[in-house]
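Protein chains: 2
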Amino acid sequence: MTSFNQLREDIDAYFQQCADIQHSPERLYAPIRYILALKGKRIRAILTQLAYYVASGEAAQNALKLGAALEMFHNFTLVHDDIMDNAPTRRGEPTVHEKWDANVGILSGDTMFALSMQWIVESFPQAAGSLALAFSQAAVAVCEGQMEDMDFALEENIHISQYIEMIRKKTSVLIGASLQIGALAGGADKALSQKMYRFGELAGIAFQLQDDLMDAYPPANFGKQVGGDIIENKKTFLLLTALENANPQQLIILNQLLNETENTAGKVAGVLAIYEELEIRKHTETAIESYFGQAREMAKELLAEIPDNRFAVIAAYLEEIAGRKV
Amino acid sequence: MTSFNQLREDIDAYFQQCADIQHSPERLYAPIRYILALKGKRIRAILTQLAYYVASGEAAQNALKLGAALEMFHNFTLVHDDIMDNAPTRRGEPTVHEKWDANVGILSGDTMFALSMQWIVESFPQAAGSLALAFSQAAVAVCEGQMEDMDFALEENIHISQYIEMIRKKTSVLIGASLQIGALAGGADKALSQKMYRFGELAGIAFQLQDDLMDAYPPANFGKQVGGDIIENKKTFLLLTALENANPQQLIILNQLLNETENTAGKVAGVLAIYEELEIRKHTETAIESYFGQAREMAKELLAEIPDNRFAVIAAYLEEIAGRKV
Numbered sequence: 004m005t006s007f008n009q010l011r012e013d014i015d016a017y018f019q020q021c022a023d024i025q026h027s028p029e030r031l032y033a034p035i036r037y038i039l040a041l042k043g044k045r046i047r048a049i050l051t052q053l054a055y056y057v058a059s060g061e062a063a064q065n066a067l068k069l070g071a072a073l074e075m076f077h078n079f080t081l082v083h084d085d086i087m088d089n090a091p092t093r094r095g096e097p098t099v100h101e102k103w104d105a106n107v108g109i110l111s112g113d114t115m116f117a118l119s120m121q122w123i124v125e126s127f128p129q130a131a132g133s134l135a136l137a138f139s140q141a142a143v144a145v146c147e148g149q150m151e152d153m154d155f156a157l158e159e160n161i162h163i164s165q166y167i168e169m170i171r172k173k174t175s176v177l178i179g180a181s182l183q184i185g186a187l188a189g190g191a192d193k194a195l196s197q198k199m200y201r202f203g204e205l206a207g208i209a210f211q212l213q214d215d216l217m218d219a220y221p222p223a224n225f226g227k228q229v230g231g232d233i234i235e236n237k238k239t240f241l242l243l244t245a246l247e248n249a250n251p252q253q254l255i256i257l258n259q260l261l262n263e264t265e266n267t268a269g270k271v272a273g274v275l276a277i278y279e280e281l282e283i284r285k286h287t288e289t290a291i292e293s294y295f296g297q298a299r300e301m302a303k304e305l306l307a308e309i310p311d312n313r314f315a316v317i318a319a320y321l322e323e324i325a326g327r328k329v
Numbered sequence: 004m005t006s007f008n009q010l011r012e013d014i015d016a017y018f019q020q021c022a023d024i025q026h027s028p029e030r031l032y033a034p035i036r037y038i039l040a041l042k043g044k045r046i047r048a049i050l051t052q053l054a055y056y057v058a059s060g061e062a063a064q065n066a067l068k069l070g071a072a073l074e075m076f077h078n079f080t081l082v083h084d085d086i087m088d089n090a091p092t093r094r095g096e097p098t099v100h101e102k103w104d105a106n107v108g109i110l111s112g113d114t115m116f117a118l119s120m121q122w123i124v125e126s127f128p129q130a131a132g133s134l135a136l137a138f139s140q141a142a143v144a145v146c147e148g149q150m151e152d153m154d155f156a157l158e159e160n161i162h163i164s165q166y167i168e169m170i171r172k173k174t175s176v177l178i179g180a181s182l183q184i185g186a187l188a189g190g191a192d193k194a195l196s197q198k199m200y201r202f203g204e205l206a207g208i209a210f211q212l213q214d215d216l217m218d219a220y221p222p223a224n225f226g227k228q229v230g231g232d233i234i235e236n237k238k239t240f241l242l243l244t245a246l247e248n249a250n251p252q253q254l255i256i257l258n259q260l261l262n263e264t265e266n267t268a269g270k271v272a273g274v275l276a277i278y279e280e281l282e283i284r285k286h287t288e289t290a291i292e293s294y295f296g297q298a299r300e301m302a303k304e305l306l307a308e309i310p311d312n313r314f315a316v317i318a319a320y321l322e323e324i325a326g327r328k329v
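Dropping the structure here:
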């Protein structure tokens, strides 16, 4: 079994080589090469390839193009989301619409979506129908999730269950679909690929909640700004849980803090103090553990069902990227 | 055989009913219902259904959802193109980005693209792989065509062959793919579906050139503004042919007219006078006839190959929408 790091480097190399990406029209393909060259964790590509290996017992490398397709779709959503969010940078570099313009971002994104579908059906012709169905269903859900995310920014009362449903669609569905699609390409039947999907979906929700948590309680070597979500009033699991559990007095203070736009350091400290009083960290940890727990239950079935303990590699990979026992 | 008009009405009804279109999130699906309710000619849907009938001998209605999928994809391209072109109206009504905003237009468009793929693979599961491949290849070409169209607006010297290649990708590929996809769904083999594709592609180029011609030489009951392309300096087949054939003196006058922004009536009259001198109408008619002629050659083969003279219905439909012998 190739190392996770090797899989990541292979995807980077595949994109860098870009053998399958046309160069004309240049204004269409240059932004695609650019965004794909900004190296990420390549989680979706690696999960796809691992799921292929797990289902088939064959080398994960056989599913390199398929993994690249899932990763390209993910990058398409980033390009369009960055336009919609008016984001100036992505992974420390200018976003596509900043470096070129919004029209180029829209159309390059559309092309990445189309190419990802093309790569999917080209890479495993014998399974193309089921791959395309799983992929298109996931794509619709991702769009719905992004719209719900934009809607929530404008709405007053978001229930935690709505938030979970939003992150499920926006983030976890594609994690699940990467596993499902890899498994289908590797010859898994519908039931097995559905279990793989569900496992990924549950783990994906836990990952997103962990992301929310790290904004307020970052680990030692955390790259991002601490409290960025708090400063932006982002309706994360933490804030929504605080709003739901606060007593009237805490609610008044919390709302005052949400209206604070000048003293951001004081805002972050104030919100964190309320989080402390309401034990938001513990609540969030409990939710994360609950989703990881459900994923583990699913993993047990998959470990039992799939020969040679192959499924263990996926749990090991998720453990590595989560930095915790999954 | 159902009448063409009935097929069109069925597609309108299918969209109006929108049984397959979710209603939540509302801000995502309302624009989709809106754009699909703006009734068009539904050319792509009808061609898909006719090709299905031609290939299978079964009722065109069996391919209603498949036809609707192709039509939805076409409408996705309109929504995104309208954002990129900053177009205020579409079919006499406000464009999606005008009625909502650009973000809603981007994301509703993405969703239409994803849904069209989902409908395609759902409607004919046994052929889903080949349908998805043909569809994704067409989608990539359409994006390339749109970028070339935007590029040409900024470039000085566009050769007529580049223009033909641009309209082929932007418009004709989807006409061809509608026939190809309908034929594949109806059980056609690769060779037959490729011939159907090529027939549609050739006819599609002829249609676009006819569109170019009608801007300057409109038929009696023409809905659009006469000379709109001339006023906008749009690099149509007519203008590019004039630029290529003009003598130095005519070129000076033509360039002066292209720089005219105030006296639009004078501009149109002046350009039309140059067109007259250079026999641009005749040149364009010759090109249209050449593409229709190539399409007719392909049609002959298809008429001979497909039993019961079934292919004739497609020629008849194209004749109806072209308003001339195809």
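Residue numbers (the working numbering), protein chains in the order written: chain A, 4 to 329; chain B, 4 to 329.
Note that the Cβ used here is the ideal one computed from N, Cα and C, for glycine as well.
Just so you know, these numbers come straight off a predicted model, no measurement behind them.
Inter-residue spacing [alpha-carbon to alpha-carbon] between A/L187 and A/K193: Counting from one through the first sequence, the residue named residue 187 of chain A turns up at place 184. Counting from one through the first sequence, the residue named residue 193 of chain A turns up at place 190. Rounded to whole angstroms, A/L187 to A/K193 spans 8 Å at the Cα level.
If we define contact as Cβ-Cβ less than 8 Å, is B/F116 a contact residue for chain C? Of the protein chains in this structure, namely A and B, none is chain C.
Report the three-state DSSP secondary structure of B/T2 (helix, strand or coil). The question about residue 2 of chain B has no answer here: the residues shown for chain B are numbered 4 through 329.
Using DSSP with H/G/I as helix, E/B as strand and the rest coil, what is A/R93? Taking the first sequence and counting its residues from 1, the one referred to as residue 93 of chain A is at position 90. In the structure shown, A/R93 sits in a strand (DSSP, three-state: E or B).
Element boundaries [alpha helix (DSSP H), containing B/H77]: Your numbering for residue 77 of chain B matches position 74 in the second sequence. Boundaries of the alpha helix (DSSP H) harbouring B/H77: 67 to 88, taken from the DSSP string.
Check the Cβ of A/H83 against every Cβ in chain B and list those closer than 8 Å, keeping chain order. As a working mapping, residue 83 of chain A is identified with position 80 in the first sequence. Within chain B, the residues near A/H83 are I109, L110, D113.
Nearest by alpha-carbon distance to A/D15: which of A/R47, A/F155, A/A272 is it? Position 12 of the first sequence holds residue 15 of chain A. Between A/D15 and the set A/R47, A/F155, A/A272, the nearest pair of CA atoms involves A/R47.
To the nearest angstrom, report how far apart A/G190 and A/Y55 are at their CA atoms. Indexing the first sequence from 1 puts residue 190 of chain A at position 187. Indexing the first sequence from 1 puts residue 55 of chain A at position 52. A/G190 and A/Y55 have their C-alpha atoms some 8 Å from each other.
Quick one: grab the DSSP three-state call for B/Y220. Within the second sequence, the letter at position 217 stands for residue 220 of chain B. When secondary structure is reduced to three states using DSSP, B/Y220 falls in the coil class, being assigned neither helix nor strand.
If the cut is a Cβ gap below 8 Å, which residues of chain A does B/D154 touch? Here residue 154 of chain B is taken as the residue at index 151 of the second sequence, counted from 1. Those within 8 Å of B/D154 in chain A are P28, R30.
Determine which residues of the stretch 128 to 148 of chain A have a Cβ less than 7 Å from any Cβ of chain B, and write them out in chain order. Identification of residues in the stretch 128 to 148 of chain A having a C-beta nearer than 7 Å to some C-beta of chain B yields P128, A131, G132, A135, L136, S139, Q140, A142, V143, C146, E147, given in sequence order.
Hey, would you say A/P222 sits closer than 8 Å to A/V107, going by beta carbons? Within the first sequence, the letter at position 219 stands for residue 222 of chain A. Within the first sequence, the letter at position 104 stands for residue 107 of chain A. No.
Rounded to whole angstroms, what is the Cα-Cα separation between B/F314 and A/S59? Numbered from 1 along the second sequence, position 311 holds the residue referred to as residue 314 of chain B. Numbered from 1 along the first sequence, position 56 holds the residue referred to as residue 59 of chain A. Computed Cα separation, rounded: 44 Å.
Output yes if chain A places a C-beta closer than 8 Å to the C-beta of B/E158; else output no. As a first step, residue 158 of chain B must be located in the second sequence, where it is residue number 155. Chain A contact via Cβ: absent.
Can you give the Cα-Cα distance for B/I291 and B/K44, rounded to whole angstroms? Looking up residue 291 of chain B in the second sequence gives position 288. Looking up residue 44 of chain B in the second sequence gives position 41. B/I291 and B/K44: Cα-Cα distance of roughly 21 Å.
Below 7 Å on C-beta distance, what does B/E65 contact in chain A? What you label residue 65 of chain B is simply residue 62 of the second sequence in a count that begins at 1. The question names Glu, but residue 65 of chain B is Asn in the sequence shown. Within chain A, no residue comes near B/N65; the closest Cβ sits about 18 Å away, beyond 7 Å.
Just the chain A side, please: which residues come within less than 8 Å of B/M75 by C-beta, in chain order? Looking up residue 75 of chain B in the second sequence gives position 72. Ordered by position in chain A, no residue passes the 8 Å Cβ test against B/M75, which lies about 12 Å from the chain.
N- and C-terminal bounds of the alpha helix (DSSP H) containing A/R171: Within the first sequence, numbered from 1, the residue matching residue 171 of chain A stands at position 168. Per DSSP, A/R171 lies in no alpha helix (DSSP H) segment and is marked neither H nor E.
Taking DSSP as the reference, what is the three-state secondary structure of B/R47? On the second sequence, position 44 is the one that residue 47 of chain B refers to. Three-state result, B/R47: helix.
Three-state class that DSSP yields for B/P28 in the structure shown: As a position in the second sequence, residue 28 of chain B is number 25, starting the count at 1. If DSSP states are grouped into helix, strand and coil, B/P28 belongs with coil.
If you draw a straight line from the alpha carbon of A/G148 to that of A/T174, how long is it in whole angstroms? Walking along the first sequence from the start, residue 148 of chain A turns up at place 145. Walking along the first sequence from the start, residue 174 of chain A turns up at place 171. Their Cα atoms are separated by approximately 8 Å.
Taking contact to mean 3 or more Cβ pairs, one atom from each stretch, closer than 8 Å, check whether the stretch 149 to 164 of chain A and the stretch 125 to 144 of chain B are in contact. With the cut-off at 8 Å, the stretch 149 to 164 of chain A and the stretch 125 to 144 of chain B do not touch.
Using a Cβ-Cβ cut-off of 8 Å, state whether B/Q121 counts as contacting chain A. As a working mapping, residue 121 of chain B is identified with position 118 in the second sequence. Closer than 8 Å to some Cβ of chain A, the Cβ of B/Q121 qualifies, so yes.
Three-way DSSP call (helix, strand, coil) for B/Y162 in this model: For the purposes of this step, residue 162 of chain B is taken as residue 159 along the second sequence, with counting starting at 1. In the sequence under discussion, the amino acid at residue 162 of chain B is His, which differs from the Tyr named in the question. In this structure, B/H162 counts as coil in the three-state DSSP scheme.
What is the DSSP secondary structure of B/D113, counted as helix, strand or coil? As a first step, residue 113 of chain B is located in the second sequence; it is residue number 110 there, counting from the start. B/D113: helix per DSSP, three-state reduction.
For the stretch 93 to 102 of chain B against the stretch 89 to 108 of chain A, are there 3 or more C-beta pairs whose distance is under 8 Å? At 8 Å Cβ cutoff, the stretches do not touch.
In chain order, what residues of the stretch 246 to 271 of chain A put their CB closer than 9 Å to some CB of chain B? Correct list: empty, as no residue qualifies.
Check whether the Cβ of B/E341 lies closer than 8 Å to any Cβ atom in chain A. In the structure as shown, chain B starts at 4 and stops at 329, and residue 341 of chain B therefore has no counterpart that could be examined.
With H, G and I counted as helix, E and B as strand and the rest as coil, what does DSSP make of A/E282? Position 279 of the first sequence, counted from the start, is the residue given in the question as residue 282 of chain A. Reduced to three states, the DSSP call for A/E282 is coil.
Distance, B/Q183 Cα to A/I208 Cα: For this step, residue 208 of chain A is matched to residue 205 along the first sequence. For this step, residue 183 of chain B is matched to residue 180 along the second sequence. Cα-Cα distance, rounded: 41 Å.
Against chain A, with Cβ distances strictly below 8 Å, would B/M217 count as a contact? Translated into the one-based positions of the second sequence, residue 217 of chain B becomes position 214. No, B/M217 does not count as interfacial toward chain A.
Beta-carbon separation (whole angstroms), A/R93 vs A/D85, contact threshold 8 Å: Working through the first sequence from its first residue, we reach residue 93 of chain A at position 90. Working through the first sequence from its first residue, we reach residue 85 of chain A at position 82. Confirmed, Cβ separation roughly 6 Å.
Chain-ordered chain A contacts of B/I86 [CB-CB under 7 Å]: Translated into the one-based positions of the second sequence, residue 86 of chain B becomes position 83. Within chain A, the residues near B/I86 are I109.
Just to confirm, are B/L246 and B/Y166 a CB contact at a threshold of 8 Å? On the second sequence, position 243 is the one that residue 246 of chain B refers to. On the second sequence, position 163 is the one that residue 166 of chain B refers to. Cβ distance not < 8 Å, so B/L246 and B/Y166 don't count as in contact.
Alpha-carbon to alpha-carbon, A/Q52 and A/G185: Start at 1 with the first residue of the first sequence, and residue 185 of chain A comes out as number 182. Start at 1 with the first residue of the first sequence, and residue 52 of chain A comes out as number 49. Their backbone Cα atoms lie some 6 Å apart in a straight line.
When the cut-off is 8 Å and only beta carbons count, does B/V124 lie next to chain A? As a position in the second sequence, residue 124 of chain B is number 121, starting the count at 1. Interface residue, yes.
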